[in-house]
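**Q**
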Amino acid sequence: MLSITTAQQRPAAVKTVRLYVFENGSIRGLDPKLFNFTREELKEVDFTNISYLIVHPKGTLMFDSGAVEDSHFKGDGAPVTEGIMSASKPLLPQLASAGYKPSDITYFALSHYHSDHTANANAFASATWIVQKAERDFMFADKPEGIIQPAQYSALKGAKTKLLNNEDFDVFGDGAVVIKSARGLTPGHQVLFVKLPKTGPVLLAGDLYHYPEERTTGRVPTFEFNAEQSKVTRARIEGFIKQAGAQLWIEHDIATHAKLPKAPAFVE
Ligand SMILES: [Zn+2]
Numbered sequence: 004m005l006s007i008t009t010a011q012q013r014p015a016a017v018k019t020v021r022l023y024v025f026e027n028g029s030i031r032g033l034d035p036k037l038f039n040f041t042r043e044e045l046k047e048v049d050f051t052n053i054s055y056l057i058v059h060p061k062g063t064l065m066f067d068s069g070a071v072e073d074s075h076f077k078g079d080g081a082p083v084t085e086g087i088m089s090a091s092k093p094l095l096p097q098l099a100s101a102g103y104k105p106s107d108i109t110y111f112a113l114s115h116y117h118s119d120h121t122a123n124a125n126a127f128a129s130a131t132w133i134v135q136k137a138e139r140d141f142m143f144a145d146k147p148e149g150i151i152q153p154a155q156y157s158a159l160k161g162a163k164t165k166l167l168n169n170e171d172f173d174v175f176g177d178g179a180v181v182i183k184s185a186r187g188l189t190p191g192h193q194v195l196f197v198k199l200p201k202t203g204p205v206l207l208a209g210d211l212y213h214y215p216e217e218r219t220t221g222r223v224p225t226f227e228f229n230a231e232q233s234k235v236t237r238a239r240i241e242g243f244i245k246q247a248g249a250q251l252w253i254e255h256d257i258a259t260h261a262k263l264p265k266a267p268a269f270v271e
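Residue numbers (this note's numbering): 4 to 271.
(1) Rounded to the nearest angstrom, how far is the Cβ of residue 162 from that of residue 130, given a contact under 8 Å?
(2) As a quick exercise: from 164, 213, 243 and 52, pick the residue whose alpha carbon is nearest that of residue 40.
(3) Taking 8 Å as the cut-off, is the C-beta of residue 254 nearer than that to any heavy atom in ligand 1?
(4) Report the CB separation of residue 74 from residue 28 in whole angstroms; it is logged as a contact under 8 Å.
(5) Let me check understanding here. Comparing Cα to Cα, which of 249, 196, 270 and 30 lies closest to residue 112?
(6) Rounded to whole angstroms, what is the Cα-Cα separation between residue 147 and residue 180?
(7) Could you check where the beta strand (DSSP E) with residue 131 kicks off and where it finishes?
(8) Buried or exposed: residue 150, going by 16 or more other Cβ atoms within 10 Å of its Cβ?
(9) Count the CB pairs spanning the region 37-57 and the region 12-28 that are closer than 8 Å, and state whether there are at least three.
(10) Confirm the yes/no value for this check: CB of residue 38, any heavy atom of ligand 1, distance under 8 Å.
(11) For residue 59, which residues does DSSP report across the bridge?
(12) Where does residue 63 land, buried or exposed, given buried means 16+ other C-beta within 10 angstroms?
(13) For residue 188, name the three-state secondary structure that DSSP assigns.
(14) With a threshold of 16 other CB atoms inside 10 Å of the CB of residue 183, please say whether the residue is buried or exposed.
(15) Taking the runs of the alpha helix (DSSP H) that are 4 residues or longer, which of them lie wholly in the region 231-266?
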């Protein structure tokens, strides 16, 4: 058979859903008080920073984009430290190790606009951006305030956009990859439900929780956009998790991600 290779060659389609985990460094030196905890009440205070690529037979979805911009790496292999954040590897080479370029990505979604999730968002402006209207409105307000760095995602303003109104979105139409509205931390925070063929259903929680102890105590951080809304959202999402029989992966939780394979290996 004749095999044709072009410069625009796309990655081969997959037969079943897979999930890649990318490591985007860590956050150290956080004050537990910000999360309404004492040091003694938390098993682990530090965060890991993670982003995910979901590959479905019909396309791809990148969920979150790291905490340190790839352009801040010097290319000499040295880690980058920015305040309490540090990272030892840029994101796009990890994506490439899985076989994908940003231009291969069909959909891009952020759990929320906090800058420890948006670092390389501009790289994905050629994808269709899935975002809640309230989140987008906040991100492109005249003077957005809070844990936000608009320059990191400015290119999304002109991206093809799937705008949601506090609603869920079944990304590939078969229930295997579903963006779920989960507002409270920010006006349009979202979580991602993924049905994996071997692992089973997983809910990628974004920052619905930062620490597992938030889940067990019901406490919410001090910096929520709307703490009451967060509690309502958490109750709804917990109900969904129970009904779906899903695992919950807290994006900043070191223990959860320590057990998972990292790209180019993937979770099935
Ligand atoms: Zn975060």
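Where a beta carbon is used, it is the ideal one built from N, C-alpha and C, also for glycine.
**A** Let me spell this out:
(1) Between residue 162 and residue 130 a beta carbon distance of about 7 Å is seen, short of the 8 Å cut, so the two are scored as contacting.
(2) The residue among 164, 213, 243 and 52 with its C-alpha nearest the C-alpha of residue 40 is 213.
(3) Checking the 8 Å criterion, the Cβ of residue 254 is within range of a heavy atom belonging to ligand 1.
(4) Under the criterion of beta carbons closer than 8 Å, residue 74 and residue 28 do not qualify as touching, at roughly 15 Å.
(5) Among 249, 196, 270 and 30, the Cα nearest to that of residue 112 belongs to 196.
(6) Distance between the alpha carbons of residue 147 and residue 180: 30 Å.
(7) Looking at the DSSP string, the run of the beta strand (DSSP E) that includes residue 131 is 131-135.
(8) Burial is judged here by how many other beta carbons sit within 10 angstroms of a residue's own beta carbon; residue 150 has fewer than 16 and is exposed.
(9) The region 37-57 vs the region 12-28: in contact.
(10) Not under cutoff, so the answer is no.
(11) Per DSSP, 62.
(12) Residue 63 counts as buried, since at least 16 other C-beta atoms from the protein chains shown sit within 10 angstroms of its C-beta.
(13) Coil, per DSSP.
(14) Label assigned to residue 183: buried.
(15) As summarised for the region 231-266, the continuous alpha helix (DSSP H) elements at least 4 residues long and confined to that stretch are 257-261, given in chain order.
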